[in-house]
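Novice: Note that the sequence shown covers residues 44 to 133 in this note's numbering. Cβ coordinates follow ideal geometry from the N, Cα and C atoms, glycine included. If you scroll down you'll find the structure; I have some questions about it.
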Amino acid sequence: SGKLAKKVFSALYEREGGDADDAADKIIEEKGLKQETDTGAIKTIVEDVIAKNATMVEEYRGGKEKAFNGLVGQVMKASRGSANPQQVNQ
44 SGKLAKKVFS ALYEREGGDA DDAADKIIEE KGLKQETDTG AIKTIVEDVI AKNATMVEEY
104 RGGKEKAFNG LVGQVMKASR GSANPQQVNQ
C-alpha cells in the first residue's frame with residue numbers, strides 16, 4: 044500500500060550506499076512492512092472486525108454503502124495497514 048511504500052522510501056532515504064533493491068527488501072523485512080496477501084489471514088481479520096462491529100454490519104445490510112467503507116477501514120486498522128486493500132474489498 045502507499046503507506047507502507049512511504050515508510051520504505053523514508054528508510055531508504057536515510058541509508059547511504061549499497062544496492063537500493065537489496066536495501067528495500069531488507070527494510071521491508073526488518074520493519075515487518077510486507078503486505079499481507081494470505082487470504083486466510085485476511086479472512087480471520089475480517090471475521091474479527093465483523094464480530095466487533097455488529098452495528099456497522101447491520102447498517103450495511105440496511106443499504107448504507109458507507110458502512111462498508113467503515114468496515115474496510117477497521118480491517119486496515121486491525122492489520123496496521125498491511126492487508127492488501129483489494130483482497131479486503133472482496
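Taking buried to mean at least 16 other C-beta atoms within 10 Å of its own C-beta, is Gln129 buried or exposed?
Specialist: exposed
Novice: Could you tell me the alpha carbon to alpha carbon distance between Met119 and Val92, rounded to whole angstroms?
Specialist: Each residue's alpha carbon lies about 10 Å from the other.
Novice: Residues in the same chain with beta-carbon distance under 8 Å from Ile85, minus the five sequence neighbours each way, listed in chain order, please.
Specialist: The answer, listed in chain order, is Glu79, Val118, Ser122, Ala126, Asn127, Gln130, Val131.
Novice: Can you find the residues in the same chain that come closer than 6 Å, C-beta to C-beta, to Met99, ignoring five residues on each side of it along the sequence?
Specialist: Ala110, Gly113, Leu114
Novice: Among the residues of its own chain, which have a CB less than 7 Å from the CB of Asn96, if the five just before and after it don't count?
Specialist: Leu114, Gln117
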